[in-house]
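Before any comments, here is the structure.
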Amino acid sequence: MALDYEVPEDKRALYWLGDQLIEWRNPVMVFVLLITGLFAYWSFQLQLVTSFGDLLPQTHEFVKVHNKYSGTFGGANNIVVMYTVDEGTIFTKEHLTNIFKMTEGMDTVYGVNHNQIESIGHRTVRHLKVAAGGTLRAEPVMLRAPQGQDEVDGIRRIVHNAENVYGLIVSLDDKAALIRANFIEGRLDYKRIFEEVDSKVIDPFKGDNIEIYAAGEPRLYGWVYKYAGDVFFILVVTYCIEWVLRWMYFHDWRGALRPTLTGIIAAFWGLGFIHLIGLALDPLMLVMPFLITARAVSHAIQMHDRYYEEFEKCGWHKRRAIVASFAELFVPTFSGITTDAFGVLVIILVPVVMLQKLAITASWWILAITISEMLLNPIVYYYLKPPEPELVVLRERGAFRRWIERFTHVLLSPAGKTVTLAAWALMTVIGIFFMRGLTIGDPTSASPLLFEDSPYNVSHTQIQERFGGVEPLIVVSEGFDKDAMKDPQVLRTMEKFQRAIERDPDIGYSFSLADIIRAVNRVFHELEPKWAVIPDSWTDIGGLFFIFFSGSPPTETAKYVDPSYTTAHVTFFAKNHQGDNIRRIIARCRAFIAENPMEKAAFKLAGGLIGVLAAANEELVRNDLLMNFLGFFTIWVILLFTYRSFVCGLYILGPLIASNIMVNGYMAVNNIGVNIHTLPLVTVGVGFGVDYGLYIISRIIEEIQVRGDLEASVREALVTSGKAVTFTAVTMIVSTAFWITSSIRFNAEMGLLLAIWMGVSYVGSQTLLPVLVTVFKPKFITKEANTKAPKAALAAARLA
Amino acid sequence: MVLGLYNSIAIVLGFSLLVIALDEYVAKPWRHKRWQQRADSGDQEAIELLKIARSAKVSEE
């Protein structure tokens, strides 16, 4: 059927496009479904994988140092297992045997770096032994599980006299021992490592008097993977809740089904694309697909609502109603999708591979909504039976609409406008006040990914309390030539560095080559404390190193110093990784390095967990403001082209920026830091506010063309588009808030945060935006009043 | 029961079909009956709305 009826001249092309989509429905549908089928197939191949390297800003100087030395000096992926006894000490045959066997078990866990395990039961932890004839040998603390009390006593003596053991991997009260293992980054299979640590290191050794705790990044991600199954429960429940809500709103199962189709098709396109470009889903990013699908569903609800409205307006003519709803909502839907997609794309500026991948995939996914929502939508409606007129009529005059009408009446009264403007101004000021406390990085010492009472955080806290610090900050001492690490000035500066940074309250202890040389010198001089110093000459130092390292293979000594003695490290063990503490510790390190230059070497910051977190936090600080600016600027540019107005963007962005400030204030008050996990979610959240505003503004323009009166147009926009926006916001808030039930604290907090964000953005679009429009009467809206006559006549003709 | 991908799909499909069936065979007849009863009892709004709805001629093309 051709477009042989009267349509608005300015939208004739869109009406024609909608009509042609129905005309060519079969080839279009086959084409879209074939591609969707292909993407669906790829979607099912997707796996949950976290790539540690992708989380790091690879261009940052710290990460380059970390990448260069993590294989030898230790990386950020350590698992620390603490074996504790409630009564007595660990120095019994049973407990030492357990520790020895646990260490053996750890050595067989997939991906472990066999040369970087620290435990009194491991071959790499050695002590100096004076042998017959006065010779010195570095021997492992435990060569085997003790066979009798004599061996147990001997091990206790060794531990109490070894500076590299006592207090570091055996607690000072003899009640706990650590097994610290580093994992090779290229072989991090978090799920497998988690299961193998449980089955080989923890479960077989649990007992009445024994407590075993495990912490460290691979363990943390293992827990996250374990809890990731929750997502299915959350998705099923939210799906059912949304279906019921949509059915209650539309009074028809088609209203529940149609947005679901949009969401599913967009999800297939998005997930399939992620697999197609060789990426995987991160369990911590599962809220993101949910959020984008929610966005797709939200657009579909708008379209369905408009279809019902147009069905009555078009005299119960289904095809005309489909075409009209498509054409009338084309502009807000398309600009909503493009602002969302390009707004998210700015995340690509942060030089973190995971964020860049996320920016590309999220943008694609959002753009894919155009396929399901715009290309396929008229065809789906064409095949679905039209709603019963009775249902449409009764629904349009229901209680929900009457409630919105009453609210709009109060809002647009003089008192309502004053209260709205004053309340938003006040809330924004309060938001600015609180958002000053927003933390870049993690705001708490426990992992923010899991709840404080989770087994992981309980373990983490126990280990921190017993040993003072387990999170490494590795500062490399890079020599300019061979044997630089035998230079007394270099070793003394390393020692001075340790003493200086250990003064920080959040550094538990430190370790470096200087500790080894002092200990060896002391043993060499019959354990006299006065000899626990760094010798004055290069030759003495070289001799002592020879004594200590001569019996060990290079793979073992490499964790202290490279075979040519060019490079070594100072490792600080931090008590926590709070963003502010990391910043302070790194600043102290930088100040020390600047004030204490070495002749033959230079300190290089920084590896270990603290080093790479410092790098990520610095990149976030560097890019946060720029990204926010570019995000909003992108939205403004798209609005400029959509409505051909410079000020339109300001009207829509005003409430959005105010919402942004309030949500940032909420984050600061509730200790939610900005990190590489929260950043993309927060950026996507911005888009919801834009969508709400676009539907309202577009409807105001449409109404003023018919009515000519601004206030009446705003009123009508709020009770039509505003009604659909209200319903969309309610369903999205309810379903997003359901993520609170997730066992992963990060997902729960992000769910709540996004629900609040959507709520604030929704309130902004329903209150502040219309009040601003009625108070300031923007020209880009009022100039449309001139087109009143033709539009009014057309509406009348269509009704007739 | 631990939910996985496939049993989740089964649940949501089953739930959707249940809602469709309940809407078609329970809710819709009940709604018709309720509005008719309101109109029969002299509710002017119900009479007017039903009149508009029933006079509508749906055109598919």
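From first to last, the protein sequence lines stand for chains A and B.
Going by numbering that gives the first Met the number 0, the first residue of the first sequence is number 0, and it counts up by one from there.
Going by numbering that gives the first Met the number 0, the first residue of the second sequence is number 0, and it counts up by one from there.
Cβ atoms here follow ideal geometry from the backbone N, Cα and C, with glycine treated the same way.
What separation, rounded to the nearest whole angstrom, lies between the Cα atoms of I581 of chain A and I609 of chain A? The alpha-carbon atoms of I581 of chain A and I609 of chain A are separated by roughly 7 Å.
Is the beta carbon of D173 of chain A sitting closer than 8 Å to the one on F90 of chain A? At a Cβ-Cβ threshold of 8 Å, D173 of chain A and F90 of chain A count as neighbours.
Is it true that the CB of M287 of chain A sits closer than 8 Å to the CB of L680 of chain A? At a Cβ-Cβ threshold of 8 Å, L680 of chain A and M287 of chain A count as neighbours.
Rounded straight-line distance, which links the Cα of L234 of chain A to that of K384 of chain A: Those two C-alpha atoms are separated by around 28 Å.
Does G41 of chain B come within less than 8 Å of chain A when only Cβ atoms are used? Chain A, which has no Cβ nearer than 8 Å to the Cβ of G41 of chain B, makes this no.
Taking 8 Å as the threshold (beta carbon to beta carbon), is A255 of chain A in contact with chain B? Chain B places a beta carbon closer than 8 Å to that of A255 of chain A, counting this residue as a contact.
For C239 of chain A, decide whether its Cβ has a neighbour in chain B, counting only Cβ atoms nearer than 8 Å. C239 of chain A counts as touching chain B.
Would you mind listing the alpha helix (DSSP H) stretches within the region 478-551 of chain A that are 4+ residues and don't spill past its ends, in chain order? Runs of the alpha helix (DSSP H) inside the region 478-551 of chain A: 487-501, 512-523, 537-548.
Local Cβ density within 10 Å of A422 of chain A, reported as buried at 16 or more and exposed below that: A422 of chain A comes out exposed.
For R698 of chain A, which of helix, strand or coil comes out of DSSP? Looking at R698 of chain A - three-state DSSP - the assignment turns out to be helix.
Whether N682 of chain A touches M749 of chain A by CB criterion (8 Å): The sequence shown places Thr at residue 682 of chain A, not Asn. Not closer than 8 Å, so no.
Any chance you could list the beta strand (DSSP E) runs of at least 3 consecutive residues sitting entirely within the region 64-125 of chain A, in chain order? Here the runs fully enclosed are 77-84, 111-117.
The region 99-113 of chain A in contact with the region 239-247 of chain A per 3-pair CB rule at 8 Å: At 8 Å Cβ cutoff, the stretches do not touch.
is_contact[A55 of chain B, chain A] using C-beta, thresh 8 Å: Yes, contact with chain A.
G120 of chain A versus T96 of chain A: straight-line alpha-carbon distance, rounded: Approximately 9 Å between the Cα atoms of the pair.
Can you tell me the Cβ-Cβ gap for I365 of chain A and R318 of chain A, rounded? I've got them flagged as a contact below 8 Å. Not really, about 29 Å apart at Cβ, beyond 8 Å.
Mind listing which residues of the region 6-21 of chain B have their C-beta closer than 7 Å to chain A's C-betas, in chain order? Going along the region 6-21 of chain B in chain order, one finds S7, I10, V11, F14, S15, V18, I19 with a Cβ nearer than 7 Å to chain A.
Taking C-alpha atoms, which residue in A:F193, A:H250, A:W268 lies nearest to V31 of chain A? When A:F193, A:H250, A:W268 are compared, the shortest CA-CA separation from V31 of chain A is found for A:W268.
Can L47 of chain A and Y224 of chain A be called in contact, C-beta distance under 8 Å? For L47 of chain A and Y224 of chain A, yes; Cβs fall inside 8 Å.
Quick check: the Cα distance between A796 of chain A and Y4 of chain A, rounded to an integer number of angstroms? With a pLDDT of only 48 at A796 of chain A, under 50, the local geometry of the prediction cannot be trusted, and the value read off the model is given with reservation. Straight-line Cα distance between these residues: approximately 10 Å.
Under the three-state DSSP convention, the category N181 of chain A falls into: If DSSP states are grouped into helix, strand and coil, N181 of chain A belongs with the strands.
Does the beta carbon of E34 of chain B sit closer than 8 Å to a beta carbon anywhere in chain A? It is worth fixing the name first, because residue 34 of chain B is Trp in this sequence and not Glu. By this cut-off, W34 of chain B is an interface position.
Quick one: Cα of S658 of chain A to Cα of V759 of chain A, how far? For S658 of chain A and V759 of chain A, the gap between their C-alpha atoms comes out near 6 Å.
Counting only C-beta atoms, is A52 of chain B closer than 8 Å to chain A at any point? When Cβ-Cβ separations below 8 Å define contact, A52 of chain B makes contact with chain A.
Consider the Cβ of D251 of chain A: report whether some Cβ of chain B lies at a distance smaller than 8 Å. Under the 8 Å criterion on CB atoms, D251 of chain A is classed as interfacial with respect to chain B.
Extent of the continuous alpha helix (DSSP H) run through P258 of chain A: Going by DSSP, P258 of chain A is part of the alpha helix (DSSP H) stretching over 252-275.
Quick check on G36 of chain A: buried or exposed, where buried means 16 or more other Cβ atoms within 10 Å of its Cβ? So G36 of chain A counts as exposed.
Considering Y212 of chain A, what are the terminal residues of the beta strand (DSSP E) in which it resides? Taken as a continuous stretch (DSSP letters only), the beta strand (DSSP E) holding Y212 of chain A covers 209-214.
Are the CB atoms of F61 of chain A and A613 of chain A within a distance shorter than 8 Å? At the C-beta level, A613 of chain A and F61 of chain A come within 8 Å of one another.
Quick one: which chain D residues come within Cβ less than 7 Å of V392 of chain A? The chain inventory of the structure shown lacks chain D, comprising the protein chains A and B.
Segment limits, beta strand (DSSP E) that includes V810 of chain A: Since the displayed chain A opens at 0 and closes at 799, residue 810 of chain A lies outside it and no answer follows.
Simplified DSSP state of H316 of chain A, which is helix, strand or coil: For H316 of chain A, the three-state secondary structure derived from DSSP is strand.
Suppose you measure from the CA of T490 of chain A to the CA of A367 of chain A; what does that come to, to the nearest Å? Checking the sequence, you will find Leu at residue 490 of chain A rather than Thr. Rounded to whole angstroms, the gap between the alpha carbons of L490 of chain A and A367 of chain A is 59 Å.
Check whether the region 491-504 of chain A and the region 631-641 of chain A touch, using three or more Cβ-Cβ pairs below 8 Å as the test. The answer is no - the region 631-641 of chain A does not touch the region 491-504 of chain A, with fewer than three Cβ pairs under 8 Å.
Which of helix, strand or coil DSSP assigns to L793 of chain A: With a pLDDT of 49 at L793 of chain A, under the threshold of 50, the modelled position of this residue cannot be trusted; read the value that follows with caution. DSSP, read as helix, strand or coil, puts L793 of chain A in helix.
Helix or strand or just coil, what does DSSP make of F450 of chain A? Three-state DSSP puts F450 of chain A in coil, outside helix and strand.
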